[in-house]
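K.L.:
Before we start, here is the structure in question, set down as structure tokens.
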Amino acid sequence: MIFDSPKSPSFKKDRRGWNKAWEHDLALLYGSSVDFAQTRGQPLPSLFQLARARGTIPEDHITDKSAMHLQEIKRYICALQRKLTCKAAKSFAEDDFEAKWVACSALEREELILEGLVRTCEIAPEYEDQRRWAPELVLDRLNHASGRGYIDLLKTLLLQNPDNLVEFNSVPNLVYDQITAIGDNPSLGVVVYKKQLDTDRIHILTKVVWNILLAFYGESEEIVHVKSQQRGRDDKRHLKKILEHPGLDAETQAMIKARVQESSKLWQRSERCCASCGLTADRAGVSSLSACQRCKAIGRVVFYCSKKCQVENWKNGSPPHKTICGDKNAMIDAVLAPSARKSVPAGKENSEFGHPRRGYIRSPALLHQLDNLKKEPETDYVFIQPAPLCDFTIKITKPNVRELFRACLKRAACEHAPREVYQMFLLLKSAAISSPEYGIEGLKKQFFKEYGYDIDVLKAEYDP
Numbered sequence: 352m353i354f355d356s357p358k359s360p361s362f363k364k365d366r367r368g369w370n371k372a373w374e375h376d377l378a379l380l381y382g383s384s385v386d387f388a389q390t391r392g393q394p395l396p397s398l399f400q401l402a403r404a405r406g407t408i409p410e411d412h413i414t415d416k417s418a419m420h421l422q423e424i425k426r427y428i429c430a431l432q433r434k435l436t437c438k439a440a441k442s443f444a445e446d447d448f449e450a451k452w453v454a455c456s457a458l459e460r461e462e463l464i465l466e467g468l469v470r471t472c473e474i475a476p477e478y479e480d481q482r483r484w485a486p487e488l489v490l491d492r493l494n495h496a497s498g499r500g501y502i503d504l505l506k507t508l509l510l511q512n513p514d515n516l517v518e519f520n521s522v523p524n525l526v527y528d529q530i531t532a533i534g535d536n537p538s539l540g541v542v543v544y545k546k547q548l549d550t551d552r553i554h555i556l557t558k559v560v561w562n563i564l565l566a567f568y569g570e571s572e573e574i575v576h577v578k579s580q581q582r583g584r585d586d587k588r589h590l591k592k593i594l595e596h597p598g599l600d601a602e603t604q605a606m607i608k609a610r611v612q613e614s615s616k617l618w619q620r621s622e623r624c625c626a627s628c629g630l631t632a633d634r635a636g637v638s639s640l641s642a643c644q645r646c647k648a649i650g651r652v653v654f655y656c657s658k659k660c661q662v663e664n665w666k667n668g669s670p671p672h673k674t675i676c677g678d679k680n681a682m683i684d685a686v687l688a689p690s691a692r693k694s695v696p697a698g699k700e701n702s703e704f705g706h707p708r709r710g711y712i713r714s715p716a717l718l719h720q721l722d723n724l725k726k727e728p729e730t731d732y733v734f735i736q737p738a739p740l741c742d743f744t745i746k747i748t749k750p751n752v753r754e755l756f757r758a759c760l761k762r763a764a765c766e767h768a769p770r771e772v773y774q775m776f777l778l779l780k781s782a783a784i785s786s787p788e789y790g791i792e793g794l795k796k797q798f799f800k801e802y803g804y805d806i807d808v809l810k811a812e813y814d815p
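Each residue of the sequence shown is one higher than the one before, starting from 352 at the first, in my numbering.
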């Protein structure tokens with residue numbers, strides 16, 4: 352049966368054998384070519400065929416708990432992509448991560464990729480199940496072109512405006528979209544099922560990319576298991592349905608039974624978290640979380656660690672809690688509403704730069720620069736140096752020069768603007784010259800990372 356989960360052998364016994372089993376199944380559905388080209392135009396199973404194979408036929412209705420669970424996972428993905436963006440942007444800018452990753456041997460990158468996959472699937476059984484919707488997570492694709500497959504996926508997941516806490520980045524895949532197409536006039540259950548798959552897909556992609564980055568730097572993070580509205584029990588029910596499938600060998604049956612027990616224990620030791628900040632009571636420094644009483648009355652579980660978080664979620668939650676509090680239908684309507692980019696709550700976004708124009712992708716190094724400027728609003732620019740050297744800030748004292756520089760920066764941060772980039776370079780040139788350890792070459796290199804322009808080429812065009 353395609354997409355049996357968990358795989359045999361397990362990642363605990365033989366991670367390469369486990370990964371090979373997964374890649375075999377992914378290739379059957381999505382093809383084995385790096386760009387999915389061999390799969391395009393060929394007959395593919397439908398969403399319903401895959402659902403029936405898993406024993407999870409979409410229902411014709413949607414519950415408040417399933418709607419709440421979707422919103423919980425969306426909030427988690429937004430927070431994770433924001434964390435990924437901050438760390439990756441700093442790594443690209445200060446540590447030249449891309450060059451170091453590409454310089455690794457293919458075998459070294461494979462080991463890091465496998466480590467990221469295993470770390471993710473160790474967290475909870477649901478992560479391995481989600482891998483079926485992420486054909487990008489195979490060694491050949493991530494290791495393609497000296498590891499640039501991973502770099503490209505990482506850059507796709509970086510938020511162009513990390514202050515936006517209500518929308519996460521997706522990863523387009525034509526084959527996945529064709530398989531999970533839902534047609535005209537689908538039932539509510541089918542719409543929610545499709546949304547759940549889309550969310551699962553980005554969830555596993557972001558988590559694996561994050562863990563690969565941590566593995567590269569020899570880092571790890573403490574895992575806190577959080578009780579969701581429904582997912583833990585659903586995962587256990589799904590595993591039990593797999594046990595009913597004929598033809599399972601004794602080893603696979605034993606492994607699935609162990610996973611059912613693991614899922615039960617995981618649920619028991621999981622903790623509730625604040626619906627606003629995502630912290631457990633212990634991490635928030637409080638003795639216990641407070642439940643929303645109106646939601647509790649309708650069987651919905653919503654907790655807060657403080658009055659401040661309750662007010663924040665009431666006004667600026669996703670959706671604002673005041674629009675759904677104590678109302679089951681309102682939560683369902685919020686989930687079914689067409690996806691649209693929401694504005695960042697007042698005071699939460701960098702008002703000077705905002706979102707880039709359509710088609711312009713900010714580099715990780717530029718994202719890091721903008722984050723530095725947001726933290727130090729009196730600073731005009733930051734010269735980035737590799738560790739252990741310290742970065743240093745630039746402040747332009749002449750008002751008219753500063754106004755010109757900020758205007759150029761504002762445009763260069765939001766669209767392709769080679770003339771403005773070159774003007775910024777000229778305005779920062781004297782500061783770079785006065786810093787021998789950084790110098791003109793350091794500024795040229797930094798601008799290339801941030802804006803993608805070769806200053807010498809711009810000089811030939813604008814200052815011949």
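Glycine residues also receive a C-beta, built at the ideal position from the N, C-alpha and C atoms.
Starting from Y732 and walking both ways along the beta strand (DSSP E), at which residues does that stretch end?
P.N.:
The count along the sequence shown starts at 1 and reaches residue 732 at position 381. Its beta strand (DSSP E) spans residues Y732 to F734.
K.L.:
What runs of the alpha helix (DSSP H), each 4 residues or longer, lie entirely inside the region 771–815?
P.N.:
Fully enclosed alpha helix (DSSP H) runs of 4 or longer: 790–802 and 806–813.
K.L.:
Leaving out five residues on either side along the sequence, give the residues of the same chain with a beta carbon under 7 angstroms from the beta carbon of G498.
P.N.:
What you label residue 498 is simply residue 147 of the sequence shown in a count that begins at 1. Once the five neighbours on either side are set aside, the close Cβ partners of G498 are W452, V453, C455 and R460.
K.L.:
In whole angstroms, what separates the C-alpha of A820 from that of I553?
P.N.:
The structure shown does not extend to residue 820, since the chain spans only 352 to 815, so no value can be given for it.
K.L.:
Can you find the residues in the same chain that come closer than 7 angstroms, C-beta to C-beta, to D656, ignoring five residues on each side of it along the sequence?
P.N.:
Indexing the sequence shown from 1 puts residue 656 at position 305. Reading the sequence as shown, one finds Cys at residue 656 and not Asp. Only C625, C628, L630, A632, A635, V637 and L640 meet the Cβ criterion.
K.L.:
May I ask you to report which of helix, strand or coil DSSP gives S641?
P.N.:
Your numbering for residue 641 matches position 290 in the sequence shown. Reduced to three states, the DSSP call for S641 is strand.
K.L.:
Using beta-carbon positions only, say whether L421 and V686 come within less than 8 angstroms of one another.
P.N.:
To locate residue 421, count along the sequence shown from 1; it is residue 70. To locate residue 686, count along the sequence shown from 1; it is residue 335. Yes. Within cutoff.
K.L.:
Drop a sphere of 10 angstroms on the beta-carbon of S361, count the other beta-carbons inside from all chains shown, and report buried for 16 or more, exposed for fewer.
P.N.:
The residue you call residue 361 lines up with position 10 of the sequence shown. Buried.
K.L.:
Let me check understanding here. Comparing Cα to Cα, which of F567, Y813, I712 and L717 lies closest to F798?
P.N.:
Taking the sequence shown and counting its residues from 1, one reaches residue 798 at position 447. If we check each option's Cα against that of F798, L717 comes out closest.
K.L.:
Start and end of the alpha helix (DSSP H) containing T744?
P.N.:
As a first step, residue 744 must be located in the sequence shown, where it is residue number 393. Here T744 belongs to no alpha helix (DSSP H); instead the beta strand (DSSP E) covers F743 to I745.
K.L.:
Using 8 angstroms as the cut-off, can you tell me whether the region 728–740 makes contact with the region 761–774, which would need three or more C-beta pairs spanning the two stretches below that distance?
P.N.:
Taking 8 angstroms as the limit for Cβ pairs, the verdict is that the region 761–774 does not touch the region 728–740.
K.L.:
Is there contact here, the region 475–494 with the region 435–450, by at least three beta-carbon pairs under 8 angstroms?
P.N.:
In short, these stretches do not touch, since the Cβ pair count stays below three.
K.L.:
Do the region 705–715 and the region 764–774 make contact, defined as three or more Cβ pairs closer than 8 angstroms?
P.N.:
Judged by Cβ distances under 8 angstroms, the region 705–715 makes contact with the region 764–774, as three or more pairs qualify.
K.L.:
So the candidates are L458, Q432, D514 and D447; which of them puts its Cα closest to the Cα of G705?
P.N.:
To locate residue 705, count along the sequence shown from 1; it is residue 354. The candidate whose alpha carbon is nearest that of G705 is D514.
K.L.:
Using the Cα positions of Q644 and E462, report the straight-line distance between them to the nearest angstrom.
P.N.:
Numbered from its first residue, the sequence shown carries residue 644 at position 293. Numbered from its first residue, the sequence shown carries residue 462 at position 111. Roughly 49 angstroms separates the two Cα atoms.
K.L.:
Can you grab the Cα-Cα spacing for the pair Y802 / V772, in whole Å?
P.N.:
On the sequence shown, residue 802 is found 451 positions in, with the first residue counted as 1. On the sequence shown, residue 772 is found 421 positions in, with the first residue counted as 1. About 8 angstroms.
K.L.:
State the DSSP-derived secondary structure class of E622, mapped to helix, strand or coil.
P.N.:
As a first step, residue 622 must be located in the sequence shown, where it is residue number 271. E622: strand per DSSP, three-state reduction.
K.L.:
Cα separation between I574 and K434?
P.N.:
Counted from its first residue, the sequence shown places residue 574 at position 223. Counted from its first residue, the sequence shown places residue 434 at position 83. The straight-line gap from Cα to Cα measures roughly 15 angstroms.
K.L.:
Give the DSSP bridge partners of F654, in chain order.
P.N.:
Translated into the one-based positions of the sequence shown, residue 654 becomes position 303. Looking at the DSSP assignment, F654 forms a beta bridge with A642.
K.L.:
Below 8 angstroms between beta carbons: does that hold for E466 and A372?
P.N.:
Here residue 466 corresponds to residue number 115 of the sequence shown, with the count starting at 1. Here residue 372 corresponds to residue number 21 of the sequence shown, with the count starting at 1. Taking 8 angstroms as the Cβ cut-off, E466 and A372 do not qualify as a contacting pair.
K.L.:
Tell me which residue opens and which closes the alpha helix (DSSP H) that R460 is part of.
P.N.:
Residue mapping note: residue 460 aligns to position 109 of the sequence shown, counting from 1. Looking at the DSSP string, the run of the alpha helix (DSSP H) that includes R460 is A457 to I474.
K.L.:
If you follow the alpha helix (DSSP H) that E423 is part of, which residue opens it and which one closes it?
P.N.:
Counted from its first residue, the sequence shown places residue 423 at position 72. First-last of the alpha helix (DSSP H) with E423: D415 to D446.
K.L.:
Quick check: the region 375–384 against the region 522–541, are at least 3 beta-carbon pairs closer than 8 angstroms?
P.N.:
As far as the Cβ criterion goes, the region 522–541 touches the region 375–384, which means the pair count is three or higher.
K.L.:
Which parts of the region 538–571 are runs of the alpha helix (DSSP H), unbroken and 4 residues or longer, counting only runs that do not cross its ends?
P.N.:
Within the region 538–571, the complete alpha helix (DSSP H) runs of at least 4 residues are 539–567.
K.L.:
Considering D503, what are the terminal residues of the alpha helix (DSSP H) in which it resides?
P.N.:
Here residue 503 is taken as the residue at index 152 of the sequence shown, counted from 1. Residues H495 to L508.
K.L.:
Could you say which of R757, N723 and N751 lies nearest to D742 if we only look at CA atoms?
P.N.:
Within the sequence shown, numbered from 1, the residue matching residue 742 stands at position 391. Among R757, N723 and N751, the Cα nearest to that of D742 belongs to N723.
K.L.:
What are the start and end residues of the alpha helix (DSSP H) that includes G368?
P.N.:
Residue numbering aside, residue 368 sits at position 17 when the sequence shown is read from its first letter. Segment R366 to Y381, the alpha helix (DSSP H) holding G368.
K.L.:
Assuming T550 contacts I675 (C-beta within less than 8 angstroms), just tell me the rounded distance between them.
P.N.:
Here residue 550 corresponds to residue number 199 of the sequence shown, with the count starting at 1. Here residue 675 corresponds to residue number 324 of the sequence shown, with the count starting at 1. With a Cβ gap of about 18 angstroms, T550 and I675 do not count as contacting.
K.L.:
Grab the span of the alpha helix (DSSP H) containing I683 for me, first residue to last.
P.N.:
Taking the first residue of the sequence shown as position 1, residue 683 is located at position 332. Note, I683: alpha helix (DSSP H), K679 to L687.
K.L.:
Between F776 and Q736, what straight-line distance do the alpha-carbon atoms span, to the nearest angstrom?
P.N.:
The residue given as residue 776 occupies position 425 in the sequence shown. The residue given as residue 736 occupies position 385 in the sequence shown. Distance between the alpha carbons of F776 and Q736 is about 17 angstroms.
K.L.:
Around the C-beta of H375, are 16 or more other C-beta atoms found within 10 angstroms, so that it is buried, or is it exposed?
P.N.:
Your numbering for residue 375 matches position 24 in the sequence shown. By the neighbour-count rule (16 or more Cβ atoms within 10 Å), H375 is not buried but exposed.
K.L.:
Please state the DSSP three-state secondary structure of H767.
P.N.:
Against the sequence shown, residue 767 aligns to sequence position 416. Here H767 sits in coil by DSSP.
K.L.:
Are the beta-carbon atoms of T531 and K545 separated by less than 8 angstroms?
P.N.:
Locating residue 531 in the sequence shown gives position 180, where the first residue counts as 1. Locating residue 545 in the sequence shown gives position 194, where the first residue counts as 1. Cβ distance < 8 angstroms, so T531 and K545 count as in contact.
K.L.:
Note the first and the last residue of the continuous alpha helix (DSSP H) segment covering H672.
P.N.:
For the purposes of this step, residue 672 is taken as the residue at position 321 of the sequence shown. Run containing H672: none; DSSP gives neither H nor E here.
K.L.:
Please report the distance separating the alpha-carbon of D503 from that of V522.
P.N.:
Taking the first residue of the sequence shown as 1, we reach residue 503 at position 152. Taking the first residue of the sequence shown as 1, we reach residue 522 at position 171. If you take the alpha carbons of D503 and V522, they lie about 11 angstroms apart.
K.L.:
Does P715 come out as helix, strand or coil in the three-state DSSP assignment?
P.N.:
Locating residue 715 in the sequence shown gives position 364, counting from the first residue. In this structure, P715 counts as helix in the three-state DSSP scheme.
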